[in-house]
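Okay, so here's the structure we're looking at.
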Amino acid sequence: MLITVLALQKDPLEFNQTFEPGSIEYGFDIRQLDPLAVEGRADLIVEHRGPGQLVDDIRVRSSYKGRFEVLCARCLDPVEHPLVGQFDLLFRPTGADGDASEHSITTSETEIGYYQKDGVLLEDILREQVLLSLPAKTLCREDCKGLCPHCGRHLNSETCTCSETLTDPRWSALSNLRTRIRH
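With the working numbering as the guide, the letters of the sequence shown map in order to residues 118 to 300.
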């Protein structure tokens, strides 16, 4: 859903939508399990910056609720994450804060998103908010043993016969160093 400045000039936009699984792409390791319910409002905030200088900011306030499945970082088992969140974001036209050259941003600029052309896509905002809400590293359980790096067996449910200490042949010259130092 495109939230445009033109539409907001008439009235604020109230929205109550559901996004079906697969309608928003989150990445290969994140899967939406059921419809993502989204309810919110978008407003146009006209900022006066001097004679004849107006900036059309878009403010989007919303809440969302859904269930997601993320792969465990160690064993790749799916882990369910119910998400309930809300956000209040401000978007400004690209280039409204000065020139387009690279420069250090101020603390206040970190609170502002930027849009190009007509407006912002609600789907892009939701993708960002969901990804920020999920943990950076998901584990199926705290003591997850993961996968064997040599044979690929799932170490939570089975054992493997791989040697615990596979030595790199480049280190073989140092293998007897400990016994030589003690004698």
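Backbone N, C-alpha and C fix where the C-beta goes; we use that ideal spot for every residue, glycine too. These numbers were taken from a predicted model, which means no experiment stands behind them.
Bounds of any alpha helix (DSSP H) do not take in A159; it lies within the beta strand (DSSP E) bounded by 153–165.
With three or more CB-CB distances shorter than 8 Å, the region 141–151 counts as touching the region 238–245. Look at Q126 here: in three-state DSSP terms it is helix. Assigned with DSSP and collapsed to three states, S289 falls in helix. For C189 and D260, the gap between their C-alpha atoms comes out near 12 Å.
Here E156 has N133, S180 as same chain residues with Cβ atoms under 6 Å from its own Cβ, once five neighbours each way along the sequence are excluded. Closest in alpha carbon position to F204, among K234, P252, R178, D128, is R178.
In terms of Cβ geometry, G236 and A124 form a close pair [threshold 9 Å].
If you ignore the 5 residues before and after I162, its C-beta comes within less than 6 Å of the C-beta of D174, R176, all in its own chain and listed in chain order. Taking every protein chain shown into account, the CB of V187 has 16 or more other CB atoms within 10 angstroms, so this residue is buried.
R166 sits away from L264, with the two beta carbons spaced by 9 Å or more. Restricting attention to K127, A159, F145, the CA atom closest to the CA of L238 is found in A159.
For K254, the closest alpha carbon among the candidates I147, Y232, K127 is that of I147. The DSSP assignment places 195–210, 229–232, 236–238 as complete runs of the beta strand (DSSP E) inside the region 187–244, in order along the chain (cut-off: 3 residues). Around the Cβ of Q233, a 10 Å sphere holds fewer than 16 other Cβ atoms; the residue is exposed.
Just so you know, the alpha carbons of C257 and R184 end up roughly 16 Å apart.
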